Amino acid sequence: MNIRRIAVAGLAAAGVALGAAAVATPASADTSPYAEGTTLGPWPVLKRPVKNENVRALQWFLNCLGHKVDKPSNFGPATQDRVRRFQHTYRIPGGADGNVGAYTWTAILGKARPMGYKQRNDCVSALQVLLNKWDYGHDLAIDGAHGDNTRTKLRRFQHGHGLPVTGHPDTNTLYKLIATRPHVAK
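Residue 1 is where the sequence shown starts when you use full-length UniProt numbering, and the numbers rise one by one after that.
Rendered as structure tokens:
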């Protein structure tokens with residue numbers, strides 16, 4: 001009788017453990033701050049209802065890629081929908097869940113890169129939003145034009161973070177702009 005109870009209890013415990021494991025599995029495809037095959041991380045994870053400058057930059061990047069968000073501000077239903085569309089279009093690992101983690105950030109930055117000097121587009125607006133997180137004595141106008149002021153602030157950021165000072169927003173620079181917490185640097 002005791003062996004039978006032990007066996008039943010063991011099977012019940014195994015069922016509970018399996019059920020709990022199934023429930024504990026993340027429903028989100030992209031809530032990880034790390035992506036396989038990349039050396040950059042951790043990435044900030046953005047999802048509803050976050051409101052910060054990384055969300056604002058994300059929305060400008062989405063606009064740049066043709067996934068229009070009307071008013072860049074907070075991570076609401078419209079932003080989540082545009083992120084899902086982007087994830088579906090570019091087949092982000094794990095599916096289209098509308099959250100922005102390492103895989104989505106990596107894909108966005110890989111696609112949205114015409115941000116060099118003299119470029120004018122919404123990707124440059126995203127760069128300007130990210131640069132304005134850092135106080136170097138002045139804020140940039142979010143005008144989408146990579147001119148002298150944007151290049152100067154970008155170079156200053158690169159210098160202050162041990163990056164090659166190129167004035168060009170390469171992947172490492174963009175990662176630092178997104179993932180590093182801002183501070184006053186005068």
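Beta carbons are placed, not taken as given, at the ideal position from N, Cα and C, and that holds for glycine. The structure displayed is predicted, hence computed values, not measured ones.
Next item on the list: Report yes or no: do the stretch 84-98 and the stretch 131-151 share at least 3 C-beta pairs separated by less than 8 Å?
Entry: Flag = no, the stretch 84-98 and the stretch 131-151 do not touch.
Note to self: So for I178, helix, strand or coil by DSSP?
What the structure shows: To locate residue 178, count along the sequence shown from 1; it is residue 178. I178: helix per DSSP, three-state reduction.
Check: Below 8 Å, can you find three or more Cβ-Cβ pairs linking the stretch 123-134 to the stretch 40-57?
Finding: Result yes; three or more Cβ-Cβ pairs closer than 8 Å.
Margin query: Quick check on the DSSP output: the alpha helix (DSSP H) that includes F157 runs from which residue to which?
Written below: In the sequence shown, counting from the first residue as 1, residue 157 sits at position 157. Counting along the chain, the alpha helix (DSSP H) containing F157 begins and ends at 148-160.
Notebook entry, point to check: Span of the alpha helix (DSSP H) holding Q59?
Noted result: Along the sequence shown, one-based indexing puts residue 59 at 59. For Q59, the enclosing alpha helix (DSSP H) covers residues 53-64.
Note to self: With the cut-off set at 8 Å, would you say R181 and G167 are in Cβ contact?
What the structure shows: On the sequence shown, position 181 is the one that residue 181 refers to. On the sequence shown, position 167 is the one that residue 167 refers to. In this structure, G167 does not lie closer than 8 Å to R181 by Cβ.
Check: Contact check, F75 vs V50 under 8 Å by CB: the rounded distance?
Finding: The residue given as residue 75 occupies position 75 in the sequence shown. The residue given as residue 50 occupies position 50 in the sequence shown. So it is a contact: roughly 5 Å between Cβ atoms.
Next item on the list: Could you give the DSSP three-state label for V69: helix, strand or coil?
Entry: Here the question's residue 69 lines up with position 69 in the sequence shown. In this structure, V69 counts as coil in the three-state DSSP scheme.
Note to self: Can you find the residues in the same chain that come closer than 7 Å, C-beta to C-beta, to A21, ignoring five residues on each side of it along the sequence?
What the structure shows: The residue given as residue 21 occupies position 21 in the sequence shown. Because the pLDDT of A21 is 29, which lies under 50, any placement of that residue in the model is unreliable, and the number read from its coordinates should be weighed accordingly. Excluding positions up to five away in sequence, the list is empty.
Note to self: If you follow the alpha helix (DSSP H) that D139 is in, where does it begin and where does it stop?
What the structure shows: For the purposes of this step, residue 139 is taken as residue 139 along the sequence shown, with counting starting at 1. Premise fails: D139 is in no alpha helix (DSSP H) and is neither H nor E.
Check: What is the rounded straight-line gap between the Cα of P44 and the Cα of Y103?
Finding: One-based indexing of the sequence shown puts residue 44 at position 44. One-based indexing of the sequence shown puts residue 103 at position 103. The alpha-carbon separation between P44 and Y103 amounts to approximately 11 Å.
Notebook entry, point to check: For the ligand GTP, is there a heavy atom less than 7 Å away from the beta-carbon of P169?
Noted result: Within the structure as shown, the ligand GTP is missing, as the structure has no ligands at all.
Next item on the list: Enumerate in chain order the residues of its own chain whose CB-to-CB distance from P77 is below 8 Å, with the five nearest sequence positions on each side excluded.
Entry: Here residue 77 is taken as the residue at index 77 of the sequence shown, counted from 1. Once the five neighbours on either side are set aside, the close Cβ partners of P77 are R48.
Next item on the list: Quick one: grab the DSSP three-state call for L131.
Entry: Looking up residue 131 in the sequence shown gives position 131. L131: helix per DSSP, three-state reduction.
Notebook entry, point to check: What are the start and end residues of the alpha helix (DSSP H) that includes F86?
Noted result: Stepping through the sequence shown from its first residue, residue 86 is reached at position 86. Here the alpha helix (DSSP H) through F86 covers 77-89.
Notebook entry, point to check: Taking DSSP as the reference, what is the three-state secondary structure of A27?
Noted result: For this step, residue 27 is matched to residue 27 along the sequence shown. At A27, the pLDDT of 39 sits below 50, so the modelled position is not reliable; the number obtained from the coordinates is stated separately. In this structure, A27 counts as coil in the three-state DSSP scheme.
Item checked: Burial state of H67 (16 or more Cβ within 10 Å) -> As a working mapping, residue 67 is identified with position 67 in the sequence shown. With 16 or more other Cβ atoms within 10 Å, it is buried.
Next item on the list: Measure the C-alpha to C-alpha separation of Q119 and L163 and round it to an integer number of angstroms.
Entry: Translated into positions along the sequence shown, residue 119 becomes position 119. Translated into positions along the sequence shown, residue 163 becomes position 163. Their backbone Cα atoms lie some 21 Å apart in a straight line.
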